[in-house]
Amino acid sequence: MKIVVDAMGGDFAPQNVVAGVVEAVKEYNASVTLVGIKEHIEAELKKYQYPKDLIEVVHAPDVVAMDDAATVVMRQKKQSSINIGMALLKKEGYGAFVSAGNTGACVAASTFVLGMIKGVDRPGIGCILPSLKKFTFIIDVGANTAAKPEHLLQYAKMAKVYAQSVLDRPQPSIALLNIGAEECKGTGLEKEAYKILEEKEPLFIGNIEANEIFTGKADCIVCDGYVGNITLKVAEGLVESTGKLLKREISQNPIASIGALLLRSSLKEVKKSVDYSEYGGAPLLGVDGLVLISHGRSTPKAIKNAVRAAKEQVEHNVLQKIKEEMALNG
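Just remember that the working numbering sits 376 ahead of the position in the sequence shown, which is counted from 1.
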């Protein structure tokens, strides 16, 4: 099963994308289809030695800029790598789509080209976050900023399947991100969502506050895309700033430098656990296809891991399991 990769998506495309794909086919024996401007892709591929039979190139003349409006992409750039790549998923032999490009365009194209899974009204972007219990899966982090209570229930059902299939959590706990633990807290959305989740999701454990996200209290956390995106950006900024502060303090203090040398292996493990590039792409759940959205600043390592994550989702049959869950609760 081939993994389709948007070669033109991201701040450093196609260089980083091609480099990451080459690493993925070597390390994971993944079969990849690169979609984008053919001559640009082939020029990058010439820099590497790799199994030629594992990388296919499909030409797409239009390039989606990171600041293009989703409506413009759908109307004026129909031959973009996002649209053509997404359409490949409707053909036999193509299992998942990966892009580090324009998130809005990816969400719009996937919804329009692939359609929605029966029982799901709006797609949600999920994201794996590090926690004291290894992983926490949060959804939605930006696809739907005008969520309704029933959307949050749908997110919970899909997150549960993802956690069971990919994160090896047989009975994942599910919480609602809110400003307090009490049932009465939050806006009308959270209050109504709490009632629906309590009634229809047996694994729901109640509200969770933002300061508990990284404790591992809940395996899955649901929220609307506006709140989720802010949460994700705050977490990213905190990790980056903390890393810079540590480097600055260590470099200015000889004793701290010695301590850092002694703790080198432990510090490397901590850095690895909070590095977004280790987790690959963020799954867009709810559309009728496996779609992963990677960070716009993705390094070759991040692209490589996104291909790995996509391959794992195909192998774990995540899409079919989500369809079965939604049909069961439809």
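Just so it is clear, CB atoms sit at the ideal spot from N, CA and C, and this is done for glycine as well.
Residue range of the beta strand (DSSP E) that residue i falls in?
i: Pro676; result: Premise fails: Pro676 lies in the alpha helix (DSSP H), 676-691, not in any beta strand (DSSP E).
i: Cys503; result: 500-507
i: Asn583; result: 580-584
i: Leu464; result: That residue, Leu464, is in no beta strand (DSSP E); its alpha helix (DSSP H) goes 457-464.
i: Pro659; result: 658-661
i: Ala551; result: 550-553
i: Lys510; result: 510-515
i: Val496; result: Element bounds for Val496: n/a, residue is neither H nor E.
i: Cys560; result: That residue, Cys560, is in no beta strand (DSSP E); it is neither H nor E in DSSP.
i: Val667; result: 666-669
Which same chain residues end up closer than 6 Å to residue i when comparing Cβ atoms and leaving out the 5 residues on each side of it in sequence?
i: Glu566; result: Asn554
i: Asn459; result: Ala485
i: Val667; result: Phe473, Ser486, Leu660
i: Leu464; result: Val380, Tyr470
i: Phe590; result: Ser507
i: Arg673; result: Asp387
i: Lys699; result: Ile493
Please check the pair residue i and residue j, which I expect to be a contact at CB under 8 Å, by giving their CB distance rounded to whole angstroms.
i: Leu505; j: Ser549; result: At roughly 15 Å, the Cβ-Cβ gap does not stay under 8 Å, so Leu505 and Ser549 are not in contact.
i: Thr479; j: Ile597; result: Actually they are not in contact, since the Cβ atoms of Thr479 and Ile597 sit about 20 Å apart, beyond 8 Å.
i: Leu608; j: Cys503; result: 6 Å
i: Tyr426; j: Val401; result: 6 Å
i: Ala539; j: Gly601; result: Their Cβ separation, rounded to whole angstroms, is 19 Å, which puts Ala539 and Gly601 out of contact at 8 Å.
i: Thr512; j: Gly562; result: In fact, because the Cβ distance is near 20 Å, the residues do not count as touching under 8 Å.
i: Val690; j: Met377; result: 5 Å
Please list the terminal residues of the continuous alpha helix (DSSP H) segment that includes residue i.
i: Ala406; result: Here Ala406 belongs to no alpha helix (DSSP H), and DSSP marks it neither H nor E.
i: Cys482; result: 479-485
i: Ser475; result: Note, Ser475: premise wrong, no alpha helix (DSSP H); beta strand (DSSP E) at 470-475.
i: Lys699; result: 694-704
i: Thr447; result: 446-452
i: Ile417; result: 414-421
i: Ile574; result: Correcting the residue type first, residue 574 is Glu in the shown sequence and not Ile. Taken as a continuous stretch (DSSP letters only), the alpha helix (DSSP H) holding Glu574 covers 564-576.
i: Leu708; result: Here the chain comprises residues numbered 377 to 706, so residue 708 is not present and cannot be evaluated.
Given a threshold of 16 other Cβ atoms within 10 Å of its Cβ, counted over all protein chains shown, does residue i qualify as buried or as exposed?
i: Glu577; result: buried
i: Phe488; result: exposed
i: Asn605; result: buried
i: His671; result: buried
i: Ser649; result: Annotation note: pLDDT 48 at Ser649 (below 50); position unreliable, coordinate value reported separately. It counts as exposed.
i: Leu490; result: buried
i: Ser475; result: buried
i: Ala658; result: buried
i: Gln530; result: buried
i: Gln696; result: exposed
i: Ser457; result: buried
i: Ser642; result: For Ser642, the predicted model reports a pLDDT of 47, less than 50, meaning its position is unreliable; a value from the coordinates is still stated below. Label assigned to Ser642: exposed.
i: Leu704; result: exposed
i: Ser617; result: exposed
i: Asn587; result: exposed
i: Lys453; result: buried
i: Lys680; result: buried
i: Lys494; result: exposed
i: Ala594; result: buried
i: Glu420; result: buried
i: Ala522; result: exposed
i: Arg366; result: In the structure as shown, the chain starts at 377 and stops at 706, and residue 366 therefore has no counterpart that could be examined.
i: Gly385; result: buried
i: Val694; result: buried
i: Gly785; result: Not covered by the structure: residue 785. The range shown for the chain is 377 to 706.
With a CB to CB cut of under 7 Å and the five nearest residues on each side skipped, what residues in its chain are close to residue i?
i: Ala557; result: Gly582, Asn583, Glu585
i: Lys687; result: Ile379, Tyr404, Ala406
i: Asp651; result: Caution is warranted here: a pLDDT of 49 is assigned to Asp651, below 50, making its placement in the model unreliable, and no coordinate value can be reported.
i: Gln455; result: Ala436, Pro437, Asp438
i: Val398; result: Tyr424, Tyr426
i: Ala383; result: Ala389, Pro390, Val393, Val394, Leu410, Val411, Gly412, Ile417, Ser457
i: Met462; result: Phe473, Ala485, Ser486, Val489, Leu490
i: His692; result: Ser541, Val542
Taking 7 Å as the cut-off, is the C-beta of residue i nearer than that to any heavy atom in the ligand PLP?
i: Leu543; result: For the structure depicted, the ligand PLP is absent and the ligand set is empty, with no information on it obtainable.
So, for residue i: in the same chain, excluding its five sequence neighbours on each side, which residues have a beta-carbon less than 8 Å away from its beta-carbon?
i: Leu372; result: Residue 372 lies beyond the residue range present for the chain, which begins at 377 and ends at 706; the question has no answer from this structure.
i: Glu367; result: One cannot answer for residue 367 here, as it falls past the ends of the chain, which runs 377 to 706.
i: Lys510; result: Gly592
i: Gly477; result: Asp382, Met384, Gly385, Gly386, Ala389, Val440, Met442, Ser457, Ile458, Gly672
Could you tell me whether the segment 660-677 touches the segment 484-499, using the rule of 3 or more Cβ pairs below 8 Å? Judged by Cβ distances under 8 Å, the segment 660-677 makes contact with the segment 484-499, as three or more pairs qualify.
Are at least three pairs of beta-carbons, each pair with one atom in the segment 415-431 and one in the segment 391-398, less than 8 Å apart? Verdict: yes, contact present.
May I ask you to verify whether the segment 607-615 touches the segment 529-548, counting CB pairs closer than 8 Å and requiring at least 3? Three or more Cβ pairs closer than 8 Å define a contact, and the segment 607-615 falls short of that threshold against the segment 529-548.
Can at least three beta-carbon pairs, one atom from the segment 440-447 and one from the segment 403-422, be found at a separation below 8 Å? The segment 440-447 vs the segment 403-422: no contact.
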